[in-house]
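Per full-length UniProt numbering, the sequence shown starts with residue 1, numbered consecutively. Working notes, structure below.
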Amino acid sequence: MEHTLKILGGCISLVFYLATLCFESAPKPEDELRQAGFSKDGKTAESQIVLGLLVSEDGYPLSYSVFNGN
Numbered sequence: 001m002e003h004t005l006k007i008l009g010g011c012i013s014l015v016f017y018l019a020t021l022c023f024e025s026a027p028k029p030e031d032e033l034r035q036a037g038f039s040k041d042g043k044t045a046e047s048q049i050v051l052g053l054l055v056s057e058d059g060y061p062l063s064y065s066v067f068n069g070n
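And the structure:
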């Protein structure tokens with residue numbers, strides 16, 4: 001985070017958190033990360049994971065999170 005603050009001039013006044021689903025189309029067994037879950041796209045037959053991205057006001061990535069698909 002210190003490196004990012006240095007690049008951005010030491011000031012981050014506004015951030016956005018974006019979350020999206022990533023689907024596994026290859027037939028693989030579910031595990032701790034890949035799981036069946038609710039999808040607004042109606043893709044119930046595919047395993048999914050959730051990706052979260054924290055970005056600055058200018059769109060620079062600051063951090064990310066990966067969550068299981070349920």
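Ideal placement from N, C-alpha and C gives every residue a C-beta, glycine not left out.
Count the other C-beta atoms from every protein chain shown that fall within 10 angstroms of the C-beta of residue i, then say buried if there are 16 or more, exposed otherwise.
i: S13; result: exposed
i: G42; result: exposed
i: G69; result: buried
Per DSSP, which one or two residues make a beta bridge with residue i?
i: Y60; result: Paired residues: none, contrary to the question.
i: L18; result: L53
i: S65; result: G52
Whose C-alpha, out of the options, is nearest the C-alpha of residue i?
i: E57; options: Y17, E32 and I49; result: Y17
i: E46; options: C11, A19 and Q35; result: Q35
i: D31; options: G9, L8, Q48 and L62; result: Q48
i: L54; options: V15, F67, G37 and K6; result: V15
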